[in-house]
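Asks:
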Amino acid sequence: MLRRFGILAFVSALVLVTGDAWAQSQPGMQDTERSATTTIYGDTGLWFVPAGEVLKDKDWSVSGYYINWDVKQGFMDISHFAGNFAYGIKGRAEIFGSVRVVTRIDRDTRPIFGDSEIGGVDNEYPYVRQGWIGNQFGDTFLGAKFNLMSESRMNPVALAVRGMVKLPTGSKDNQSGTGKMDTALDVILSKEVNSKTEVSATGGMVFRGDPDDFDLSNSFRYGVGVQFPTRSSLKFLAEFSGESFTSDSVTAKGATSLVADDGSRAPAISNLPSVATIMFGATWQSQKGFFAGGGLGWSATAEDRGDFKIDSGDNFGTKFGFQVRIGYHPPIAGRPVPLPPPPTPAPAPPPPQHTLTVDAQCNPCVVEVGAVANVTATAMDSIGCAITYRWTAPGGTFASAGQANTAWTAPNTPGTVVLTVTGTCPNDNMSGSDTVSIQVNARPVQTFTFEDVFFDFDRYSLTDAAQRILAQAVTTLRANPTLRIRIEGHTCSIGTAEYNLALGDRRARSVMQYLQSNGIGADRLTSVSFGEENPKFDNSREETRRMNRRAAMTVQLVN
Amino acid sequence: MNRYVNIGMSCATAALLAVASAGVGAQSAQSGNVALGAVRIPRAAKPDGKPLPAGTYQIRVTMQEAQPSAPGQTPSYERWAEFVQGGQVKGREVVSVVPQSDIAQVAKMKPPTSGSCRAELLKGDDYYRVWCNRAGTHYLVHLAVS
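For the protein sequence lines, the chains are X and Y, in the order given.
For the first sequence, our numbering assigns the number 8 to the initial residue and increments by one for each residue that follows.
For the second sequence, our numbering assigns the number 33 to the initial residue and increments by one for each residue that follows.
1. Let's test the definition: count the other Cβ atoms within 10 Å of the Cβ of P345 of chain X and tell me whether it reaches 16, buried, or not, exposed.
2. In whole angstroms, give me the CA-to-CA distance for R558 of chain X and V428 of chain X.
3. Would you kindly report the start and end of the unbroken alpha helix (DSSP H) that includes S133 of chain Y?
4. Using only the alpha-carbon positions, how far apart do F227 of chain X and R136 of chain X sit?
5. Measuring only the C-alpha atoms, how far is D27 of chain X from R99 of chain X?
6. Assuming F243 of chain X contacts A275 of chain X (C-beta within less than 8 Å), just tell me the rounded distance between them.
7. Please list the terminal residues of the continuous alpha helix (DSSP H) segment that includes D471 of chain X.
8. From N201 of chain X to S207 of chain X, what distance separates their C-alpha atoms?
9. Using the C-alpha atoms, what's the distance from L508 of chain X back to G87 of chain Y?
10. Does chain Y have any CB closer than 8 Å to the CB of R516 of chain X?
11. Assign L265 of chain X to one of three DSSP states: helix, strand, or coil.
12. Anything in the stretch 91 to 108 of chain Y with a Cβ closer than 7 Å to a Cβ of chain X? List those residues in chain order, please.
13. Under 7 Å Cβ to Cβ from P85 of chain Y, same chain only, skipping five residues before and after it: list those, please.
14. How about Y72 of chain X: is its Cβ closer than 7 Å to a heavy atom in the ligand NAP?
15. Using a Cβ-Cβ distance cut-off of 8 Å, determine whether R553 of chain X contacts chain Y.
16. Output needed in chain order: residues of the stretch 113 to 136 of chain Y with a Cβ under 8 Å from some Cβ in chain X.
17. Give me, in chain order, the residues of the same chain whose beta-carbon lies closer than 8 Å to that of N555 of chain X; leave out the 5 immediate sequence neighbours on both sides.
18. Restricting to Cα atoms, I'd like to know which of X:S42, X:D113, X:G95 is closest to N75 of chain X.
19. Rounded to the nearest angstrom, what separates L154 of chain Y and A378 of chain X at their Cα positions?
20. Taking the straight line between their C-alpha atoms, what separation do you get for G95 of chain X and A191 of chain X?
21. Identify every residue that forms a DSSP beta bridge with G538 of chain X.
22. Ignore the nearest five residues each way along the sequence and tell me which others in A113 of chain Y's own chain have a CB closer than 8 Å to its CB.
23. Against D80 of chain Y, what residues of chain X qualify as contacts under a CB-to-CB distance less than 7 Å, listed in chain order?
24. Could you tell me whether any Cβ in chain X is nearer than 8 Å to the Cβ of L84 of chain Y?
25. Should S271 of chain X and F252 of chain X be called a contact, given that it needs their Cβ atoms to be closer than 8 Å?
26. Can you tell me whether E505 of chain X is buried or exposed? The criterion is at least 16 other CB atoms within 10 Å of its CB, across all chains shown.
27. Measuring straight from C-alpha to C-alpha, what distance separates K122 of chain Y and F537 of chain X?
28. Exposed or buried, what is H567 of chain X when buried is set at 16 or more other beta-carbons lying within 10 Å of its beta-carbon?
29. Residues of the stretch 160 to 177 of chain Y with a CB closer than 9 Å to any CB of chain X: list them in chain order, please.
30. Considering only residues of the stretch 214 to 291 of chain X, which uninterrupted alpha helix (DSSP H) runs meet the minimum length of 4 residues and lie entirely inside it, listed in chain order?
31. Would you mind stating whether L223 of chain X and N130 of chain X have Cβ atoms separated by less than 8 Å?
32. In whole angstroms, what separates the C-alpha of S157 of chain X from that of D38 of chain X?
33. Using a Cβ-Cβ cutoff of less than 6 Å, which residues in the same chain neighbour G402 of chain X once the five nearest sequence positions on both sides are dropped?
34. In the DSSP assignment, the alpha helix (DSSP H) including E550 of chain X goes from what residue to what residue?
35. Alpha carbon to alpha carbon, how far is V233 of chain X from P175 of chain X?
36. Mark V535 of chain X as exposed unless 16 or more other C-beta atoms lie within 10 angstroms of its C-beta, in which case mark it buried.
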């Protein structure tokens, strides 16, 4: 016994230590899931036949079973209401258990005990000594299944080892057990074929603890099963399972044999034929894992009662057993499928076409000759190039022709000047250009008008009225520092030409002196005498002749 | 320059006062006209562009100033004078009034005696100058010769 547990412990450790690595997804593959159900012991499997796969890590299952079968000894009909559970560990193992909450056994032979062939004791329930034991608490099974190969890890089949113990919670006193612990070790091989049919086979040994009164036989148990379609909500199942015993009989220990309620005594040796059962069932299961199913088992090795003079009206119950189950088992990992090929990458976009445009702006765009306008170039480049700029123009001057923004001084010639800016990308010498037209206007001519200053006959002195006129001229000259004027002295025709030329000069100088004495620079003033030569009025009459005695100021230059 | 102006102004004022005071008895019926004296014009002339036959005329100056005004000139120095013959005005021309203080600048020749007038040809006989002296105020009338 200890050696068997040692083997189980070793396998457990091996599985759990390596479980993390084995649980990794396969490279290039996509994990899948498929539905699964439990066995009558709670582990993952078909119905009676377990499967090699196990629950995913930390997944759990629970189920309830009504199990019924027949044995030859005593034509016993054995039923259990079992509650099962299982828990997945790292996708590599699962622990499970089954509690037979109710065990019912109906023994049909009368007297209870008889000959060794059908009147003896059963290897599993040797203490049944009544026709009906009633509802009794049965045995409890605990086990662990270790998955060694799994289709989810791309193994061709699933392979598992299952160890199990029967805890003797069913007692010999209430006839629902032997009172001794049994152990079992099974090897399981299963495969989901074409994602449609699950085929499973198992074989293993059951080691039974002998109670005080009997030598029970160990056994080799086996089973094969098929369930399909595995990925449909409604599955159909067929199983063939059986058990071959290491001994062909159950032997009573000691001199005192078991006495039935009717006083009959169990034979000292009870034949122990092998058993084989064929079962067909159907299970409906939701996508989330809830399931319910029913089945019908047929005991291939059971005998007809009629052959042993037992009421043949109950013969159906001797050969067939109903199976019912309900529970929840989440999907298990299925065979990974290749990842869908990555979408064909879109053809690499052509390298971005290098576009370069330049926009030129001016502010203002209408200037006077010699005035300054600001010009700005803005480049739009598709590759973010560091653009260099060059401004050119047929006239005017740029402050910084190599800058995007620069000042441009208009030429002194009026007209439209087209300024061109060229932006160039040094990376590939791509360039773009734009032009901007600036209208250069002539500076408006400022008109300066000075009143003539008149003189009395043959005089050149300035009267108060004359000085008032000249004061206005001073104001104008001060406001326009670049203004230069010429002072013309004129006379009437009275007197000689020479005299009048001199008189006109004196008149002009008289005005010039006045202006200079009021702060107007001499460099801005020139004088000339026309004498009587340029009369503005008629000299034949004094009324108009007197108007020729004047000094006139004319603008000489405007900057 | 102001000196000249002041002098001019004061002289003009004095001249006007002189004209006014000296001419009280010789004033015509029209108020402000001052008789300057008689003058003989040997050749026909054209005062104010109009023909004036040769002859002797009484010259009288009016208070009417020449128009338009010429800024810088002294308005009262340019006044209308009349050539009167037989009690009738035969011609008119603007006379230039020159105070005594300025006459030396204007005319180099000896002025007529006070209360008298004389006519003289100037500039190649282009003009007649009628020069009257009344109490030191000089009246110059320039007439184009016909």
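Here a beta-carbon is modelled for each residue, glycine too, at the ideal position from N, C-alpha and C.
Being a predicted model, the structure only gives us computed values, none of them experimental.
Replies: According to the data block:
1. Position 338 of the first sequence, counting from 1, holds the residue named residue 345 of chain X. The residue is exposed, with fewer than 16 neighbouring Cβ atoms inside 10 Å.
2. Translated into the one-based positions of the first sequence, residue 558 of chain X becomes position 551. Translated into the one-based positions of the first sequence, residue 428 of chain X becomes position 421. For clarity, residue 558 of chain X is Ala in the given sequence; the question names Arg instead. Approximately 55 Å, taken between the alpha carbons.
3. If you number the second sequence from 1, residue 133 of chain Y lands on position 101. It spans 132 to 138 - the alpha helix (DSSP H) in which S133 of chain Y sits, taken as one unbroken run.
4. On the first sequence, residue 227 of chain X is found 220 positions in, with the first residue counted as 1. On the first sequence, residue 136 of chain X is found 129 positions in, with the first residue counted as 1. The straight-line gap from Cα to Cα measures roughly 26 Å.
5. What you label residue 27 of chain X is simply residue 20 of the first sequence in a count that begins at 1. What you label residue 99 of chain X is simply residue 92 of the first sequence in a count that begins at 1. Any answer about D27 of chain X is weak, because its pLDDT of 47 lies below 50 and its placement is not dependable; what the coordinates show is given next. Roughly 9 Å between the two C-alpha positions.
6. Indexing the first sequence from 1 puts residue 243 of chain X at position 236. Indexing the first sequence from 1 puts residue 275 of chain X at position 268. Going by Cβ atoms, the distance from F243 of chain X to A275 of chain X rounds to 45 Å, so no, they are not a contact pair.
7. Here residue 471 of chain X is taken as the residue at index 464 of the first sequence, counted from 1. First-last of the alpha helix (DSSP H) with D471 of chain X: 471 to 486.
8. Taking the first residue of the first sequence as 1, we reach residue 201 of chain X at position 194. Taking the first residue of the first sequence as 1, we reach residue 207 of chain X at position 200. Near 14 Å, if we compare the C-alpha coordinates of S207 of chain X and N201 of chain X.
9. Working through the second sequence from its first residue, we reach residue 87 of chain Y at position 55. Working through the first sequence from its first residue, we reach residue 508 of chain X at position 501. So the two alpha carbons sit approximately 34 Å from each other.
10. In the first sequence, the residue the question calls residue 516 of chain X occupies position 509. It does not: the Cβ of R516 of chain X has no partner Cβ on chain Y nearer than 8 Å.
11. Position 258 of the first sequence, counting from 1, holds the residue named residue 265 of chain X. DSSP places L265 of chain X in coil when its eight states are reduced to three.
12. A98, A102, P103, G104, Q105, T106
13. As a working note, residue 85 of chain Y is residue 53 in the second sequence. A76.
14. Summarising the ligand content, the structure contains no ligands, and the ligand NAP is consequently not present.
15. Within the first sequence, the letter at position 546 stands for residue 553 of chain X. Answer yes: the Cβ-Cβ gap between R553 of chain X and chain Y drops below 8 Å somewhere.
16. Taking 8 Å as the Cβ-Cβ cut-off against chain X, the residues of the stretch 113 to 136 of chain Y that qualify are E125, V126, V127, S128, V130, D134.
17. As a working mapping, residue 555 of chain X is identified with position 548 in the first sequence. Sequence-distant Cβ neighbours of N555 of chain X in its own chain, meaning closer than 8 Å and more than five residues away, are H497, T498, C499, S500, E539, P542, K543, F544, N546.
18. One-based indexing of the first sequence puts residue 75 of chain X at position 68. A check of alpha carbon separations from N75 of chain X across X:S42, X:D113, X:G95 identifies X:D113 as the nearest.
19. Position 122 of the second sequence, counting from 1, holds the residue named residue 154 of chain Y. Position 371 of the first sequence, counting from 1, holds the residue named residue 378 of chain X. Whole-angstrom Cα-Cα distance: 59 Å.
20. Locating residue 95 of chain X in the first sequence gives position 88, counting from the first residue. Locating residue 191 of chain X in the first sequence gives position 184, counting from the first residue. Cα to Cα, the separation comes out at about 20 Å.
21. Looking up residue 538 of chain X in the first sequence gives position 531. X:H497, per the DSSP bridge assignment.
22. On the second sequence, residue 113 of chain Y is found 81 positions in, with the first residue counted as 1. The answer, listed in chain order, is L68, I91, R92, V93, T94, R124, E125, V126, V127, Y171, V173.
23. The residue labelled residue 80 of chain Y in the question sits at position 48 within the second sequence. Under the 7 Å cutoff, chain X gives R548, E550.
24. As a working note, residue 84 of chain Y is residue 52 in the second sequence. False, the Cβ-Cβ gap to chain X never drops below 8 Å.
25. Taking the first residue of the first sequence as position 1, residue 271 of chain X is located at position 264. Taking the first residue of the first sequence as position 1, residue 252 of chain X is located at position 245. Taking 8 Å as the Cβ cut-off, S271 of chain X and F252 of chain X do not qualify as a contacting pair.
26. As a first step, residue 505 of chain X must be located in the first sequence, where it is residue number 498. E505 of chain X comes out exposed.
27. Residue numbering aside, residue 122 of chain Y sits at position 90 when the second sequence is read from its first letter. Residue numbering aside, residue 537 of chain X sits at position 530 when the first sequence is read from its first letter. Rounded to whole angstroms, K122 of chain Y to F537 of chain X spans 35 Å at the Cα level.
28. Nothing about residue 567 of chain X can be read from this structure; chain X reaches only from 8 to 566.
29. Result list: R161, L172, V173, H174, L175, A176.
30. Runs found: none.
31. What you label residue 223 of chain X is simply residue 216 of the first sequence in a count that begins at 1. What you label residue 130 of chain X is simply residue 123 of the first sequence in a count that begins at 1. Taking 8 Å as the Cβ cut-off, L223 of chain X and N130 of chain X qualify as a contacting pair.
32. Reading the first sequence from its first residue, position 150 is the one you call residue 157 of chain X. Reading the first sequence from its first residue, position 31 is the one you call residue 38 of chain X. If I take the Cα positions, the gap works out to 13 Å.
33. Looking up residue 402 of chain X in the first sequence gives position 395. If we look at G402 of chain X and ignore the five residues flanking it on each side, its Cβ neighbours are P418, V424.
34. Sequence index remark: in the first sequence, residue 550 of chain X carries index 543 (1-based). Going by DSSP, E550 of chain X is part of the alpha helix (DSSP H) stretching over 549 to 552.
35. Position 226 of the first sequence holds residue 233 of chain X. Position 168 of the first sequence holds residue 175 of chain X. Going by the C-alpha atoms only, they are around 32 Å apart.
36. In the first sequence, counting from the first residue as 1, residue 535 of chain X sits at position 528. Classification of V535 of chain X: exposed, given that the 10 Å Cβ count is below 16.
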